[in-house]
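Colleague: Handing you a structure now.
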Amino acid sequence: MKALKGFKDIIPGEVETWQFIEQTARSIFHRFTFSEIKVPVLEKTKLFTRSIGETTDIVEKEMYTFPDRNGSSLTMRPEGTAPVLRAYIENGLHAVKPVQKLYTIGPMFRHERPQKGRLRQFHQMSVEVLGEDNPLLDAEVMAMAWQIMKELGLTASLEINSLGCKECRPDFNRALLDFLDKANGLCDDCVRRRETNPLRVLDCKSSNCQEQYVQAPSILDFLCGGCDEHFKAVKNGLDMLSVPYKVNSFMVRGLDYYTRTTFELVTSDLGAQSAVGAGGRYDGLVKQLGGPDVPGIGFAMGVERLALLLDQLGKGVHSNGIDLFIAALGPEAQKKAFVLMNVLRGKGLSVSMDLMDRSLKNQMKQAGKAEASYVLIVGEQELANGEAVLRNMETHDQHQIAIKEAVKMWHEDLATFFATETTK
RNA sequence: GUGAGCGUAGCUCAGCUGGUGGUAGCACCGGGUUGUGGCCUCGGAGGUCGCGGGUUCAAGUCCCGUCGCUCACCCCA
Numbered sequence: 024m025k026a027l028k029g030f031k032d033i034i035p036g037e038v039e040t041w042q043f044i045e046q047t048a049r050s051i052f053h054r055f056t057f058s059e060i061k062v063p064v065l066e067k068t069k070l071f072t073r074s075i076g077e078t079t080d081i082v083e084k085e086m087y088t089f090p091d092r093n094g095s096s097l098t099m100r101p102e103g104t105a106p107v108l109r110a111y112i113e114n115g116l117h118a119v120k121p122v123q124k125l126y127t128i129g130p131m132f133r134h135e136r137p138q139k140g141r142l143r144q145f146h147q148m149s150v151e152v153l154g155e156d157n158p159l160l161d162a163e164v165m166a167m168a169w170q171i172m173k174e175l176g177l178t179a180s181l182e183i184n185s186l187g188c189k190e191c192r193p194d195f196n197r198a199l200l201d202f203l204d205k206a207n208g209l210c211d212d213c214v215r216r217r218e219t220n221p222l223r224v225l226d227c228k229s230s231n232c233q234e235q236y237v238q239a240p241s242i243l244d245f246l247c248g249g250c251d252e253h254f255k256a257v258k259n260g261l262d263m264l265s266v267p268y269k270v271n272s273f274m275v276r277g278l279d280y281y282t283r284t285t286f287e288l289v290t291s292d293l294g295a296q297s298a299v300g301a302g303g304r305y306d307g308l309v310k311q312l313g314g315p316d317v318p319g320i321g322f323a324m325g326v327e328r329l330a331l332l333l334d335q336l337g338k339g340v341h342s343n344g345i346d347l348f349i350a351a352l353g354p355e356a357q358k359k360a361f362v363l364m365n366v367l368r369g370k371g372l373s374v375s376m377d378l379m380d381r382s383l384k385n386q387m388k389q390a391g392k393a394e395a396s397y398v399l400i401v402g403e404q405e406l407a408n409g410e411a412v413l414r415n416m417e418t419h420d421q422h423q424i425a426i427k428e429a430v431k432m433w434h435e436d437l438a439t440f441f442a443t444e445t446t447k
């Protein structure tokens, strides 16, 4: 038996990097006063087709959709915004607080062909802010994403764009279609995209197409007064917070619900997958899903992609050391050590020992491998007068101490023990 | 959905024009050190060479098929 294609186990040695990423993000979410929300991974299909857009790739060919036993169509969530908004509406969170700042961390599912940085089950840390349309919020949200990258020790460039609103985007669409009608020699994909979603031709990677698109109308020239002002204020906000960014008027997102501000955290170190995080504003989506008419903005970061970047830079975390390893010699010592281990665990220490009656040398080896800060050696000799040898694995210092003392000691005390104790 | 590359030990890989599967590295176990780790040294264990078929006296090696993985296109976190 093997895991499904595109589904991966995160095993010890890898999971520590994930924990580092999640802990870092959670800490920052907390500082930016976001609350966690946990939502199901399975939803009615309609939730996604309505929000993401019927003609998007995600909905057309990437969703894990299947009939429930009663026949209704269910879908494994391909993204996190729709379920969170559903929960926001269903639980009446708009009435609890005028502005809700939410984050969630968990798996998403898309039936794509796996490649570097792209899996069928992947994990996102995503945030949503509902009920506020001030452009400073857009800047604040991007600053938070920036802060996460910073604290993870990663670099990426922030690209921003505005997609306008339902007032001005149609004008741009018309101008773009006019332009495309006149263009010639477009690649097959662009010819197809012109029909399905014209905005996306701008994102084409064919150099031939790109040469022509230099002349293409820019969405930014078509923004209505409100959208233009909003975009300027967003840039201003980023400047105020000293978050560097690049305006990329060709940037298009894969989900239909975005309005006004969109942004991506882009890196060149992930092979073909360049985005480690992306998001944007989606005013109107909550209403569209049957909720109150409140604006919203959010973004998601890909945990796999962050982990990949950390590993590539040698910044991955591969183990969490333990506080204490107890090396017991002989059956009597082992029994005493076994009880002692449990007591110390109850006091908050992470403690391990060997139960296979192996040599001290071997047990020391295990302690080293477990990255134990200290080793307590309990032998028959010491046991006779209730003592043991406590060894600091880093400094190689060791002292004879009474076992009763060890029981009383806390982790921090173990550290200071060597600083204060003089007997050897 | 399309294309390319690759499947040999737990992992990373040698294996030339077919001639008995590697004293390879890492990891694992044991000894050198009868009570002291990370280094060194000696030894040990571990394999249906992805699977199926074909060519041949002989296939890890060549051919066909199949499954799997990887990367890329597309798209995206």
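Note that our numbering gives residue 126 to position 103 of the first sequence, counting from 1, and the numbers run on in steps of one.
Note that beta-carbon positions come from the ideal geometry of N, C-alpha and C, so glycine has one too.
Looking at C-beta atoms only, is the number of pairs between the region 177 to 184 and the region 286 to 301 that lie closer than 8 Å three or more?
Modeller: As far as the Cβ criterion goes, the region 177 to 184 touches the region 286 to 301, which means the pair count is three or higher.
Colleague: Measure the beta-carbon distance from VAL62 to THR127 and round it to whole angstroms, keeping in mind my assumption that it falls under 8 Å.
Modeller: That pair is a contact at about 6 Å.
Colleague: Quick check: the Cα distance between LEU383 and GLU355, rounded to an integer number of angstroms?
Modeller: So the alpha carbons of these two residues sit roughly 15 Å apart.
Colleague: Note down the Cα distance separating MET86 from ASP80, rounded to an integer number of angstroms.
Modeller: Cα to Cα, the separation comes out at about 9 Å.
Colleague: Using the DSSP secondary-structure output, state which residues sit across from ARG414 in a beta bridge.
Modeller: In DSSP, ARG414 forms a bridge with VAL398 and GLN421.
Colleague: Using the Cβ count rule (16 or more neighbours within 10 Å means buried), how would you classify GLY314?
Modeller: Answer is buried; the Cβ neighbour count reaches 16.
Colleague: How big is the Cα-Cα spacing for LYS31 and GLN144?
Modeller: Going from the Cα of LYS31 to the Cα of GLN144 covers about 8 Å.
Colleague: Among the residues of its own chain, which have a CB less than 8 Å from the CB of ILE75, if the five just before and after it don't count?
Modeller: So the qualifying residues of the chain are ILE81, VAL82, PRO101, GLU102, ALA105, LEU278, ASP279 and TYR280.
Colleague: Is it buried or exposed for ASP91, if we count other Cβ within 10 angstroms and need 16 for buried?
Modeller: Flag for ASP91 reads exposed.
Colleague: Can the beta-carbon of GLY319 be found closer than 8 Å to that of LEU312?
Modeller: Their beta carbons are not under 8 Å apart, which means GLY319 does not touch LEU312 by this criterion.
Colleague: Where are the beta strand (DSSP E) runs, 3 residues long or more, that stay fully inside the region 87 to 142, in chain order?
Modeller: Listed in chain order, the complete beta strand (DSSP E) runs (minimum 3 residues) inside the region 87 to 142 are 87 to 90, 96 to 99 and 123 to 132.
Colleague: Counting beta carbon pairs with one atom in the region 190 to 206 and one in the region 290 to 305, are three or more of them shorter than 8 Å?
Modeller: Output reads no: the region 190 to 206 does not touch the region 290 to 305.
Colleague: Thinking just about the alpha-carbon of each residue, which of LYS69, HIS134 and THR40 is nearest to the one in LEU329?
Modeller: Of LYS69, HIS134 and THR40, the residue nearest in Cα terms is THR40.
Colleague: Hey, which unbroken runs of the alpha helix (DSSP H) at 4 residues or more fall wholly within the region 340 to 390?
Modeller: Segments of the alpha helix (DSSP H) lying fully in the region 340 to 390: 354 to 369.
Colleague: Is the beta carbon of LEU97 sitting closer than 8 Å to the one on LYS67?
Modeller: Result yes, Cβ atoms of LEU97 and LYS67 sit closer than 8 Å.
Colleague: In or out: LYS124 buried (at least 16 other Cβ within 10 Å) or exposed?
Modeller: Per the 10 Å Cβ criterion, buried.
Colleague: Take GLU410 and list the residues in its own chain whose beta-carbon comes closer than 8 Å to its own, dropping the five residues that flank it on each side.
Modeller: For GLU410, where only same-chain residues beyond five positions count, the Cβ hits under 8 Å are GLN423, ILE424, ALA425 and ILE426.
Colleague: Answer with buried or exposed for THR72, where buried requires no fewer than 16 other C-beta atoms within 10 angstroms of its C-beta.
Modeller: THR72 is buried by the Cβ-count criterion.
Colleague: Quick check on this structure: which residue in TYR111, ASN114, HIS146 and GLU45 has the alpha carbon closest to the alpha carbon of GLY29?
Modeller: It is HIS146.
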